[in-house]
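Taken in order, the sequence shown gives residues 17 to 332; the numbers are from my numbering.
Below: one structure, written as structure tokens.
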Amino acid sequence: MSYDTKLMVKVASLYYKENLKQESIARRLKISKYQVNRILKKALNSGMVQINIIDPTKNISELEEKLEKRFNLKRVVVVENFGLSDTELKSKIGQAAARYLLDIIKENDIIGVSWGTTISEVINFLPSKMNRKVEVVQITGGSHELSIDLNCHDITRRFASKFGVNPHLLYAPSIVDSKKMHDMLLRETSIKKTFEYFSKLTIAMVGIGAMYPRVISTLVKTGHISGIDLESLKAHGAVGDVYSHFFNINGKTCDSKLSERIIAMPVKELLMVPYSIGIAGGELKAEAILGAIRGNYINILITDSNAAGRIMEISD
């Protein structure tokens with residue numbers, strides 16, 4: 017080993033292993049700071065010193081890219097899930113979705129809002145005041161029986177308050193008892209006015225409910241879906257729903273009598289929204305999320321690593 021090589025090893029060890037400053041190394045070895053700097057560069061360029069950067073987000077980034085390419089999605093955001101509780105997971109996904117929204121919302125956007133605890137979490141992480149001129153529209157009927165973190169009326173109001181605007185609310189239940197009642201309500205002036213905004217939406221923010229392998233749906237959980245309707249949906253192979261519209265694993269809308277009684281933005285108009293953001297997580301929602309993707313109900317996905325990994329597995 018030459019003297020120069022020994023010196024390079026010594027200088028590199030003092031700098032990289034012992035974290036000494038270049039001035040201290042120069043004094044200790046009785047050489048100039050300039051020489052220390054040149055030796056360190058030579059050690060790096062020769063390969064004697066190798067710097068490895070471990071990117072903890074690499075696997076997540078790869079997963080996002082794979083999902084985007086496989087399903088032709090505009091954007092996928094995946095948050096890491098290492099044993100998070102349901103509450104912690106919703107909060108983390110909500111925070112990620114809020115950051116994404118802040119990146120894409122622009123002046124004069126017309127934003128549609130649905131319901132659910134994860135959607136509510138998104139709003140919790142938005143700034144209290146945003147100086148952007150937008151319009152906010154409720155895209156599915158509500159219910160006074162639901163808590164504030166589930167009710168679409170309350171969620172839409174809270175979201176609109178962030179921009180200091182009055183929302184366009186849908187003053188109707190999400191599901192009514194009959195097709196006759198459904199048709200009558202759609203003739204109401206206030207409801208017709210809100211429906212007119214659906215074709216103009218530039219952004220839609222939707223939660224995704226699950227029917228398989230376990231029922232995790234706001235509509236079902238709150239008793240808005242009767243036992244008869246539930247059995248009918250299962251018979252049609254329903255795996256999930258987006259704001260009351262149920263679909264199977266291939267994304268095909270479940271043609272049940274329930275669809276005649278839903279008061280919400282029609283699926284055909286959701287398919288035309290430039291930024292249709294699905295916000296949901298947890299491995300048990302993988303089938304529902306996959307169905308929503310295949311049906312083109314969403315073109316952007318905010319989810320977690322467990323759901324994302326499972327989606328890749330079952331879609332092979």
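Backbone N, C-alpha and C fix where the C-beta goes; we use that ideal spot for every residue, glycine too.
All of these numbers come straight from a predicted model, not from anything done at the bench.
- In the DSSP assignment, R91 falls outside any alpha helix (DSSP H) and lies within the beta strand (DSSP E) extending over 91-95.
- Taking the C-beta atoms as reference points, V95 is found no nearer than 7 Å to E84.
- Look at Q38 here: in three-state DSSP terms it is helix.
- In its chain, beyond the 5 residues on either side, N97, G298, E299 have a beta carbon closer than 7 Å to the beta carbon of N322.
- Proximity of the segment 216-228 to the segment 119-126 meets the contact definition, three or more beta-carbon pairs being nearer than 8 Å.
- DSSP, read as helix, strand or coil, puts F141 in coil.
- When DSSP states are grouped into helix, strand and coil, L202 belongs to the coil group.
- With respect to the 7 Å criterion, L235 and K178 are not classified as neighbours on the basis of their beta carbons.
- Taking C-beta atoms as the reference points, I135 and I171 count as a pair closer than 7 Å.
- The Cβ atoms of I278 and I293 do not sit closer than 7 Å to each other.
- Secondary structure note for M328: its alpha helix (DSSP H) is the uninterrupted segment 321-330.
- A straight-line Cα-Cα distance of about 54 Å links I191 and I69.
- Taking the C-beta atoms as reference points, Y116 is found no nearer than 7 Å to V153.
- Around the C-beta of K195, fewer than 16 other C-beta atoms lie within 10 Å, and the residue is accordingly described as exposed.
- Ranked by Cα distance from G311, the options M288, Q66, A251 are led by M288.
- Collapsing the DSSP output to three states places Q154 in a strand.
- Counting along the chain, the unbroken alpha helix (DSSP H) around H169 starts and ends at 168-177.
- Ranking V255, I318, A28 by CA distance to the CA of S62 puts A28 first.
- Counting only residues of its own chain and dropping the five nearest sequence neighbours on each side, K209 has a CB closer than 8 Å to the CB of H184.
- Taking 7 Å as the cut-off, the beta carbon of I224 is found closer than this to the beta carbon of V258.
- Judged by DSSP in its simplified three-state form, L23 adopts helix.
- With respect to the C-alpha of D245, the residue from D193, E285, L201 having the closest C-alpha is D193.
- Residue pairing by DSSP places Y291 opposite I219 in a beta bridge.
- As computed with DSSP, D271 is found in no beta bridge at all.
- Cα atoms of L60 and S77: separation of roughly 29 Å, rounded to the nearest angstrom.
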